[in-house]
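For reference, each letter of the sequence shown is one residue, going 121 to 541 in this note's numbering.
Here a beta-carbon is modelled for each residue, glycine too, at the ideal position from N, C-alpha and C.
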Amino acid sequence: MLQELKEKKEKRMNIHAECTEILKRAEDEKRKLSPEEEANWEKGMADIDDLGKQCERLERTLKLSEDINRENRDALFADIKTKQEDREKTEAGKREKERAEKRRAAFCHYLLEGRQNLNEEQRGLLYGNDSKGGFLTAPPEFSLDMIKGVDDITIMRQICKVRKPLDKAESIGNVTRTSRYNPYDWSDPETSTPATEDDNLAFGVREMQPHRQRKKVFVSLLLLRRAILDPTPIVMEELMTALGYSQENAFLTASGVKKPLGLFTNSSNGLDTTRDVSTDNTATGVTYDGILNALYALKAQYQAVAKMMFHRNTVLMLRKLKDGNDNYLWQPSVQAGQPDLILGRPFYMSEFVPATFTANAYVGVIGDFSWYWIQDALETMLTRLDEVYFEQGKVCFISDTWTDGAPVLPEAFVRVKLAAS
């Protein structure tokens, strides 16, 4: 598999060289691309994108194989696992483990057969006193696995700081820093100079608290019936896909009112207009100098680890830009596990980044994404509807999950904006 990845990387590099030669030849001859050249260039770019996706899938598969061989789980869940193992060493822990196994088996039975076919013990394990109107609380293992699965398909969750999940959807307080402490003072050790008081650190008014997301998904009744042993992966896959797209969109564009606060939303609790950079861009597109200005609007500590995020249409535009030394901004990855680069920085594409090339429009964001925090809650509610869609050969699942997200340090980001005119 590693050899296959290497071959695809090399093929991608060769196609990039051919596309570069097409542009260079037309530029040297001071003419526009011919229809044939334009078609070849577009096809080359499409092939590069397709090979990039293939490489990404191979890299993810290789990484997954490595993860499976590791003894410890991801650091995010390490302490949860440790606590579970400690409990299992005791008699009470053994009983809890047995109960958890029964709960998981009951949950699988519920997904497969519905509530009406649960016995009294299974109902008690899943519903308790049934105070949630027919919704059951999924086992914590299901919630953890679903969160990890969404991480794998959501770019923002891969590059941002995903905090340890809360047991319940409770507020963790105000976390967005609107100003920071001043630097330390130098002090003479021979004197008793008092420390300077500093109350400059300030936080915004928005609290971070996981907000509810609700989704209705359909699963083929035949497909579900075939999953006799464990239907959980089928249901989880459908939920993860829908949840991943919803969260990606929210982390980038949502208002912050009963939902995450997006990076492209102007807000005093997140990024306001002081984080916008449009200098040297035009009203209809980005320029080399415009991207350079945005990158260097970041302080050095953020710039050193900065990543970029654009829509694919913006990346297509950036691929044609060159610096004063005739070097292209965009450089393809040449090493397994390494992303493509723009100005030497890794970039990512998302369908939810704005890409309307009109005056004053946002077209990208650059920054240290570890300062965008994502907070989940483990409480996942689920219900199954049988009768309504039975004649269509479908089973409907309605899921409630809780999450929040926000930029907690505005100075760690800049937004790329087009000029006013």
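Here the region 466 to 474 does not lie against the region 138 to 147, with fewer than 3 beta-carbon pairs under 8 Å apart.
Restricting attention to N480, W522 and N389, the CA atom closest to the CA of V270 is found in W522. Within the model, the alpha-carbon separation for G382 versus V282 is close to 15 Å. Taking P155 as the centre and dropping the five residues before and after it, the same chain places no C-beta closer than 7 Å to its C-beta. If you check the CB distance, D496 and I279 do not come in under 8 Å. A direct Cα-to-Cα measurement between M501 and V473 gives close to 30 Å.
Annotation: V337 to G390 spans about 32 Å, alpha carbon to alpha carbon. In this structure the region 426 to 441 lies against the region 400 to 414, because at least three pairs of beta carbons, one per stretch, are closer than 8 Å. For R277, the uninterrupted alpha helix (DSSP H) run begins and ends at I275 to I279, by DSSP. For S375, the pairing in a beta bridge is given by DSSP as L381.
Setting aside the 5 residues that flank it on each side, Q423 is surrounded in the same chain by L415 and Y416, each with a C-beta closer than 8 Å to its C-beta; the list follows chain order.
Contact annotation: the region 472 to 486 touches the region 362 to 372, with at least three C-beta pairs closer than 8 Å. For D392, same chain residues with a beta-carbon under 8 Å away, outside a window of 5 residues either side, are N386 and P530 in chain order. Looking at the DSSP output, L538 sits in no beta bridge, so it has no partner there. DSSP lists no bridge partner for Y422.
A direct Cα-to-Cα measurement between R465 and M428 gives close to 7 Å. Here E358 carries a helix assignment [DSSP, helix/strand/coil].
For D524, the uninterrupted beta strand (DSSP E) run begins and ends at K514 to P527, by DSSP. Listed as beta-bridge partners of E218 by DSSP are no residues whatsoever. As computed with DSSP, L505 is found in a beta bridge with C516. Around the beta carbon of T404, a 10 Å sphere encloses fewer than 16 other beta carbons of the protein chains shown; the residue is thus reported as exposed. Taking 8 Å as the cut-off, the Cβ atoms of R332 and G376 do not count as close.
In the DSSP assignment, I486 falls within the beta strand (DSSP E) that extends over Y482 to G487. Spatial neighbours of M360 in its own chain (CB-CB distance under 7 Å, excluding positions within 5 residues in sequence) are listed in chain order as M266, G269, V270 and I273. Under the three-state reduction of DSSP output, Q329 falls in the coil class, being neither helix nor strand.
Where Y416 is concerned, there is no enclosing alpha helix (DSSP H), because DSSP gives it neither an H nor an E.
Here D488 is buried, its C-beta having at least 16 other C-beta atoms within 10 Å. DSSP, reduced to helix, strand and coil, places R465 within a strand of the structure shown.
A distance of 8 Å or more separates the beta carbons of R224 and R395. Scanning its chain for C-beta atoms nearer than 6 Å, with the 5 sequence neighbours on each side dropped, one finds no residue around D169. If you look at F430, you'll find it in the beta strand (DSSP E) that goes K427 to F430. Spanning the alpha carbons of T140 and V483 requires a straight line of approximately 24 Å. DSSP places S263 in the helix class (H, G or I) of the three-state scheme.
A residue is called buried when at least 16 other Cβ atoms come within 10 angstroms of its Cβ; P353 does not meet this threshold and is exposed. With respect to A526, P380 sits close: the two C-beta atoms are nearer than 8 Å.
Residue state for D409 is assigned as helix, using DSSP reduced to three classes.
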